[in-house]
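Some notes on the structure that comes next.
Residue numbers (this note's numbering), protein chains in the order written: chain D, 1 to 229; chain G, 1001 to 1229; chain S, 2001 to 2229; chain A, 3001 to 3229.
Right, here's the structure in full:
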């Protein structure tokens, strides 16, 4: 298939930049809709002529849904930022990149469903596993795109980031699916979800950043990094 | 976290402008979806073979929903214009700005829910307080972004607006959350909402503009203002 | 208010073009969402284990909804094209233009509701009047924007279109609300809608174009038109 | 109509590029919303206090819906890529192109409904025929746009692609509606759908690509192709 994909890759040579921008803006539109659709899963409580006490009870019952909404909002936001970061370097594209990006968007579009499913049954195993699996697959596709884009052989990027940037970016990109995969496995082994475990993300990220910092401060800065930073 | 955020802030130096544009256009897409989703909370009245009189009664019953819709439409429009105004000066970005913007978008995405909740129970305290709280938080994050962007230390803006512009812009940006916070407090103290109070926004804005005009006309125009206007 | 609006109109002088583009792309996003939301008002018929005959009956019952959907789709498409045409000349903006545009978007956002309401009760007067009123207001705001933008006093446009363009554009822009207003009035007077009347739009447009063509061919082409075409 | 369409085609000569970009970005927004709306047709299963077994049964029952979702996601993605490819050459536009594009968008907007209808009744003839008919019409309009854009008489494209590109692109563009039309006809003749037939798309595409490759390798490469590739 390689050959024909390359063949159909043609476009007006003056439009190259716009073709990439269009891919990016289409992606952004999908992200924007997915992140906003999260809210339509939270329905206004029904019934009329309630007193203040009943309204407060309503809101308290909705807390799990709000937690799910907030979490999914920031998961999507984190991956938008990751995509924003990656495509800040992209100056060319291939048929393969477009379809990896589509696969990535597929996992983004699935989020409003996964999030609603997880929020609806917050203490139950299967919805929790489903949600975590969605995030894991999204993160793995994201990692795959990073490897593909920053592989010099693919000629996607003209101005390469520093080795340190790439190292930290990739480590973070793999740490997240690893973390969610652990959550998922623990839930399957023990037959119960532990959403509390999500709070471990911040200390994990902190350790990872410290480790990365120490490692690079230990060894002398190489030439191309000095110019890139 | 400062150091690594800066590290991951890299991108192709020729893409700086597009990276900012992308942040803005993603924001616009979220705004556009949130403002349009307001309408799907207004359901078509059910039942068939109604006569003209029954249709008019239906529409009359929907007036509170239309008022809520119109109000939320213009609240979101006002904040879009504010964002449009702020980012008309932004020529650089930081990790912090991106995440403040995400927090702002979070409050925008919440609006269709708050609006529907408030419209559904228009004369009840808790939904009224919830709606006002949403607007107050949105306005405060907006104010925070203004302070951050126009703080020369952050190097976000290259062409600074006149001092008078900044003064009026900030005063207006703080007046709105203050106003909604008063509405909210009055509702909590008296245990009942007074939506009628919203009509006081226009006279308040008028007084504020007059006050600002007089203040700046009193003192002589300083050098950089003369050039900026 | 004139004075402070002007004051807050500042932005980075190098960003003028992007500020206008942003206004336009925000508008396009709202148009795109409104036009796509039309479809979610058409629900999949319920019930299972139907035979082919029952499915055909289902689809036949949905014909009025599809007619409403097609009509509203092309009404929105026509106004998108009108906006596209107008803003093909806009090289500057004012606070007033932004808010006229917002008012226009308000009527666009209302369309999915009006359309669903009209489709649900296709042979009843009030929904028909409501729908026509929505289109009339949208068209009037559109006409107002055209007058405002192409008024040289407002300095919105640098390259003015030919007089003939403006004349035809305005005539068409006023013919549509006039037509829908007639539909609306007839429905109110006779107490019943006549959707069949919509088919008169094409002959009306044809007559209008012929009339315009003849008028301009009769009189000699003036200088600035010759250059503009 | 030719003459007046041309007349109203005017815009600021410096804005030509942006007018085309706007048409494209509006199209992208509609695509993005249609592709994301597919997910809201998949509802979270209802009921509480289910055990793990019941959740698994729920998910198994949703498999047909997920298959429909995945299929429609990639159908829309394929047509987005086709549009992306076509408009990578477009440097001018006509009134006719805009309205052909609108007709194309109409078929895209219809997809969330067709997809939900087909997923809801996966083994029944009429919904299957409806879905296939939607894809066939979308593909035919797409083919019509390709013919129109790459017809040198219409002056839409300044940098023409190689003859080989055009040949393969058109062959693929006609193969898909032909394929779906066969699916549709078989379903109507036998009075039952055979969704399994969709798996024949890949071998068909493979044969088509092989055939195309051989044909062009057989004959010597003509001059303008050598430069274009």
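Just so you know, even glycine gets a beta-carbon here, dropped at the ideal spot from N, CA and C. From a predicted model like this one, the values you see are computed outputs, not experimental measurements.
Near-chain A residues of the segment 114–146 of chain D (beta-carbon distance less than 8 Å), N- to C-terminal order: Answer set for the segment 114–146 of chain D: 116, 117, 120, 121, 124, 125, 126, 127 and 130.
Alpha carbon of residue 3107 of chain A to alpha carbon of residue 85 of chain D, nearest angstrom: 34 Å
Buried versus exposed call for residue 2185 of chain S [16 or more other C-beta atoms within 10 Å across all chains shown]: exposed
Environment of residue 1049 of chain G [buried if 16+ CB atoms lie within 10 Å]: The residue is exposed, with fewer than 16 neighbouring Cβ atoms inside 10 Å.
Bounding residues of the alpha helix (DSSP H) (the contiguous stretch that carries residue 3103 of chain A): 3095–3120
Residue 3110 of chain A: CB within 7 Å of a non-hydrogen atom of the ligand PLP: Of the ligands one can find in the structure shown there are none, so the ligand PLP has no counterpart to examine.
Residue 3025 of chain A: contacting residues in chain S (beta-carbon distance under 8 Å): 2025 and 2028
Start-end ranges of the alpha helix (DSSP H) lying completely within the segment 61–96 of chain D, minimum 4 residues: 63–87
Entirely enclosed alpha helix (DSSP H) segments - the segment 159–217 of chain D, minimum 4 residues: For the segment 159–217 of chain D, whole alpha helix (DSSP H) runs of length 4 or above, ordered along the chain, are 163–190.
Spatially closest choice to residue 2014 of chain S from G:1067, G:1129, G:1090 and G:1025, by CA coordinates: G:1090
For residue 3055 of chain A and residue 124 of chain D, believed in contact at Cβ under 8 Å, the rounded distance: That pair is a contact at about 7 Å.
Whole-Å CB distance - residue 2027 of chain S paired with residue 3012 of chain A, under 8 Å assumed: The pair is not a contact, with the Cβ atoms about 17 Å apart (cut-off 8 Å).
Beta-carbon contacts of residue 3057 of chain A that lie in its chain and below 6 Å, excluding the five residues immediately before and after: none
Sub-8 Å separation of residue 73 of chain D and residue 1109 of chain G beta-carbons: yes
Own chain, CB closer than 6 Å to residue 3168 of chain A, minus 5 neighbours either side, in chain order: 3212
Under 9 Å from the C-beta of residue 3158 of chain A: neighbouring residues of chain D: 12 and 14
Boundaries of the alpha helix (DSSP H) in which residue 51 of chain D is found, first to last residue: Per DSSP, residue 51 of chain D belongs to no alpha helix (DSSP H) and is neither H nor E.
Whole-angstrom distance between residue 25 of chain D and residue 1021 of chain G, CA atom to CA atom: 10 Å
Under 7 Å (Cβ pairs) to chain G, residues found in the segment 90–105 of chain D: For the segment 90–105 of chain D, the set of positions with a beta-carbon nearer than 7 Å to some beta-carbon of chain G reads 91 in chain order.
Integer-rounded CB distance, given that residue 3127 of chain A should sit under 8 Å from residue 3034 of chain A: With a Cβ gap of about 18 Å, residue 3034 of chain A and residue 3127 of chain A do not count as contacting.
Sub-8 Å separation of residue 31 of chain D and residue 76 of chain D beta-carbons: Going by C-beta atoms, residue 31 of chain D is nearer than 8 Å to residue 76 of chain D.
Residues near residue 3080 of chain A in its chain [Cβ-Cβ closer than 8 Å; skip 5 each side]: Its chain contains 3028, 3031 and 3035 as the residues whose beta carbon lies nearer than 8 Å to that of residue 3080 of chain A, once the 5 sequence neighbours on both sides are disregarded; these appear in chain order.
Helix, strand or coil at residue 2044 of chain S [DSSP, three-state]: coil
Nearest-angstrom Cβ-Cβ length linking residue 141 of chain D and residue 171 of chain D, presumed shorter than 8 Å: Actually they do not touch by this definition, with Cβ atoms about 17 Å apart.
Under 8 Å between C-beta atoms of residue 3122 of chain A and residue 3068 of chain A: yes
Under 8 Å between C-beta atoms of residue 2155 of chain S and residue 2092 of chain S: yes
Same chain only: Cβ atoms within 8 Å of residue 188 of chain D, ignoring 5 sequence neighbours per side: 125 and 129
Span separating the alpha-carbon of residue 3150 of chain A from that of residue 201 of chain D: 53 Å
Through-space distance from residue 139 of chain D to residue 3066 of chain A, alpha-carbon basis: 21 Å
Distance between residue 59 of chain D and residue 1194 of chain G (C-alpha atoms, nearest Å): 21 Å
Chain A contact for residue 191 of chain D (CB, 8 Å cutoff): yes
Alpha-carbon to alpha-carbon, residue 3160 of chain A and residue 3082 of chain A: Cα to Cα, the separation comes out at about 16 Å.
Cα-Cα separation, residue 3181 of chain A to residue 2095 of chain S: 53 Å
Beta carbon of residue 1047 of chain G nearer than 8 Å to that of residue 2019 of chain S: no
Residue range of the alpha helix (DSSP H) that includes residue 2021 of chain S: 2016–2037
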